[in-house]
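K.L.:
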Amino acid sequence: MGRAGEYLPACGLRAGADPARRGRYARCVSVNREWAHWRASFVPDATRTLAETDFLVRRLPLPAFRRVLDVCCGRGRHARELTRRGYRVLGVDLDGEAIAEAERLAPEAEFRQLDVRALGSLDRGFDAVISLGQTFGLFDAETNAAELAAMRERLRPGGRIVLDVFDRRFVEAAVEVGTGRMRIDLEQDRGAFEWLLYTPDELGAIADEAGLRTLLVCSGFSEQAPADGSAPRFQLVLERPA
Numbered sequence: 176m177g178r179a180g181e182y183l184p185a186c187g188l189r190a191g192a193d194p195a196r197r198g199r200y201a202r203c204v205s206v207n208r209e210w211a212h213w214r215a216s217f218v219p220d221a222t223r224t225l226a227e228t229d230f231l232v233r234r235l236p237l238p239a240f241r242r243v244l245d246v247c248c249g250r251g252r253h254a255r256e257l258t259r260r261g262y263r264v265l266g267v268d269l270d271g272e273a274i275a276e277a278e279r280l281a282p283e284a285e286f287r288q289l290d291v292r293a294l295g296s297l298d299r300g301f302d303a304v305i306s307l308g309q310t311f312g313l314f315d316a317e318t319n320a321a322e323l324a325a326m327r328e329r330l331r332p333g334g335r336i337v338l339d340v341f342d343r344r345f346v347e348a349a350v351e352v353g354t355g356r357m358r359i360d361l362e363q364d365r366g367a368f369e370w371l372l373y374t375p376d377e378l379g380a381i382a383d384e385a386g387l388r389t390l391l392v393c394s395g396f397s398e399q400a401p402a403d404g405s406a407p408r409f410q411l412v413l414e415r416p417a
């Protein structure tokens with residue numbers, strides 16, 4: 176585990192506790208063009224995308240879960256692979272440049288520029304909603320809970336949600352939350368994102384309040400890997416009861 180001020184492998188976080196805000200949060204360098212280029216130099220996106228999509232296919236088997244809403248889809252790496260495997264995907268993201276790139280890379284999928292706080296404007300009846308790569312938790316606790324509830328409302332009865340989020344226990348064990356600082360210096364103009372971090376139990380409780388049932392909690396996109404705080408991220412598979 177890292178000491179305060181050290182870089183957190185596989186996360187790229189700065190962690191802390193804001194006394195004016197409930198819960199924990201972590202900072203990450205902003206996801207803009209410079210960050211995407213830096214990250215693409217070190218992360219094997221193709222290999223990781225295939226492994227993550229394999230997990231999605233296992234948890235969202237065809238034909239029952241064909242229609243998928245990809246929340247914060249970015250450049251559409253999951254949408255592209257899912258459509259190749261026979262799914263119908265609508266990807267939404269606030270970043271217009273990312274949406275344009277997604278449309279170029281995955282013309283078989285549908286994409287729309289949209290703030291996740293406006294998910295309620297979308298049609299209902301999706302078989303599944305996915306939110307991967309720590310794209311959940313960008314707001315305060317109340318807004319995050321409302322976002323999860325909106326995801327549920329987009330589902331048909333029996334539909335599923337797959338979340339992939341940072342594990343608060345891992346971050347707290349890796350740095351001294353409240354004083355630890357991890358920094359990645361890039362030549363850019365934009366600020367940093369903040370996330371509220373959750374444990375599986377905390378996020379499961381929010382899901383329960385939203386009327387969702389937890390089907391699976393794991394890590395590493397592997398059903399056999401426990402979400403025990405030893406991995407940076409965990410995956411949560413939720414279901415809207417029929």
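Numbering (this note's numbering), first residue to last: 176 to 417.
Ideal placement from N, C-alpha and C gives every residue a C-beta, glycine not left out.
So what's F311 in DSSP terms, helix, strand or just coil?
P.N.:
Three-state DSSP puts F311 in coil, outside helix and strand.
K.L.:
Rounding to the nearest angstrom, what Cα-Cα distance links L237 and T258 in this structure?
P.N.:
Distance between the alpha carbons of L237 and T258: 12 Å.
K.L.:
State the start and end residues of the unbroken alpha helix (DSSP H) segment that holds G395.
P.N.:
Note, G395: premise wrong, no alpha helix (DSSP H); not H, not E.
K.L.:
Quick one: give me the first and last residue of the beta strand (DSSP E) that V337 is part of.
P.N.:
Per DSSP, V337 belongs to the beta strand (DSSP E) from 330–341.
K.L.:
Pull up the CB-CB distance for L244 and R335, whole angstroms please, since I reckon it's below 8 Å.
P.N.:
No, L244 and R335 are not in contact; Cβ-Cβ is about 11 Å, not under 8 Å.
K.L.:
Quick one: any contact between the stretch 297–306 and the stretch 269–282, if contact means 3 or more CB pairs under 8 Å?
P.N.:
Counting Cβ pairs under 8 Å, fewer than three are found: no touch.
K.L.:
The alpha helix (DSSP H) that contains G379, what's its start and end?
P.N.:
Per DSSP, G379 belongs to the alpha helix (DSSP H) from 375–384.
K.L.:
What's the gap between the Cα of E384 and the Cα of H253?
P.N.:
Computed Cα separation, rounded: 28 Å.
K.L.:
Does any CB atom of chain D fall closer than 8 Å to the CB of G300?
P.N.:
Chain labels in this structure do not include chain D; a single protein chain is all it has.
K.L.:
I need the straight-line Cα distance from P194 to V392, nearest angstrom please.
P.N.:
Residue placement at P194 is flagged as unreliable, the pLDDT there being 40, under the threshold of 50; the coordinate-derived value follows with that caveat. Near 30 Å, if we compare the C-alpha coordinates of V392 and P194.
K.L.:
Taking L294 and E317 to be in contact with their CB atoms under 8 Å, please state how far apart those CB atoms are, rounded to whole angstroms.
P.N.:
About 15 Å; that fails the 8 Å criterion.
K.L.:
Where does the unbroken alpha helix (DSSP H) through G300 begin, and where does it stop?
P.N.:
Counting along the chain, G300 falls outside any alpha helix (DSSP H), and DSSP gives it neither H nor E.
K.L.:
Taking the alpha-carbon of Q410 as reference, which of P416, A348, R343, E369 has the nearest alpha-carbon?
P.N.:
With distances taken between Cα atoms, Q410 lies closest to R343.
K.L.:
Taking the CB atoms as reference points, tell me whether L330 and R415 lie closer together than 8 Å.
P.N.:
Yes, the Cβ-Cβ distance between L330 and R415 is below 8 Å.
K.L.:
Among A226, D220, V264, G249, whose alpha-carbon lies nearest the alpha-carbon of R241?
P.N.:
Comparing Cα-Cα distances from R241 to each of A226, D220, V264, G249, the minimum goes to V264.
K.L.:
Can the beta-carbon of W370 be found less than 8 Å from the beta-carbon of L289?
P.N.:
Going by C-beta atoms, W370 is not nearer than 8 Å to L289.
K.L.:
For my contact list, V340 and L378 are in at a C-beta cut-off of 8 Å; report their separation, rounded to the angstrom.
P.N.:
Their Cβ separation, rounded to whole angstroms, is 7 Å, which keeps V340 and L378 in contact under 8 Å.
K.L.:
Quickly, what does DSSP pair L265 with across the bridge? List them, please.
P.N.:
Its beta-bridge partners are L244, E285.
K.L.:
Among the residues of its own chain, which have a CB less than 7 Å from the CB of D239, if the five just before and after it don't count?
P.N.:
Strictly speaking, residue 239 in this sequence is Ala, with Asp absent from that position. D302, listed in sequence order.
K.L.:
For D376 and R250, I'd like the C-alpha separation in whole angstroms.
P.N.:
Answer to the nearest angstrom: the Cα atoms are 30 Å apart.
K.L.:
What is the DSSP secondary structure of S296, reduced to helix, strand or coil?
P.N.:
DSSP places S296 in helix when its eight states are reduced to three.
K.L.:
Could you please give me the residues that DSSP links to Q410 through a beta bridge?
P.N.:
DSSP lists D339, C393 as partners of Q410.
K.L.:
Quick check: what's the CA-CA separation for A402 versus G266?
P.N.:
In a straight line, the C-alpha of A402 is about 27 Å away from that of G266.
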